[in-house]
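Every letter in the sequence shown is one number past the one before it in the working numbering, and letter 50, counting from 1, is 86.
Working notes, structure below.
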Amino acid sequence: MTPEQEAAIAAQDASTRRYERTAKAHDESGAQSRSDALASLRLGVPPTVAARHSPFTAAYLRRIAREAGIEGDPRYVRS
């Protein structure tokens, strides 16, 4: 390999190591954000408000709330 190719591979190796280290932290912070959002929803915070204070959309928060057994607002229950 040429010196330029070796330098490019070394840079790629370094960025891959950084990515792998931060991926774990990203997953952990995402889990904590979901947990905190569910706690807010359990206390009656509307999904649109919770979404403004989280990295998630209101639709996603409603979905994970349903999966966690949190009942939606009865005014919007589809029959």
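Backbone N, C-alpha and C fix where the C-beta goes; we use that ideal spot for every residue, glycine too.
8 angstroms contact criterion, which residue i and residue j should meet: CB distance rounded
| i | j | result |
| --- | --- | --- |
| Ser76 | Ala87 | Going by Cβ atoms, the distance from Ser76 to Ala87 rounds to 10 angstroms, so no, they are not a contact pair. |
| Ala67 | Pro83 | With a Cβ gap of about 19 angstroms, Ala67 and Pro83 do not count as contacting. |
Beta-carbon spacing of residue i, residue j below 8 angstroms
| i | j | result |
| --- | --- | --- |
| Leu97 | Ala73 | yes |
| Arg78 | Ile106 | yes |
Nearest-angstrom Cα separation, counted from residue j out to residue i
| i | j | result |
| --- | --- | --- |
| Gly108 | Ser65 | 25 angstroms |
| Ala47 | Thr38 | 14 angstroms |
| Ala59 | Arg53 | 10 angstroms |
Minimum C-alpha distance to residue i - residue among the options
| i | options | result |
| --- | --- | --- |
| Ser69 | Pro110, Met37 and Ile100 | Ile100 |
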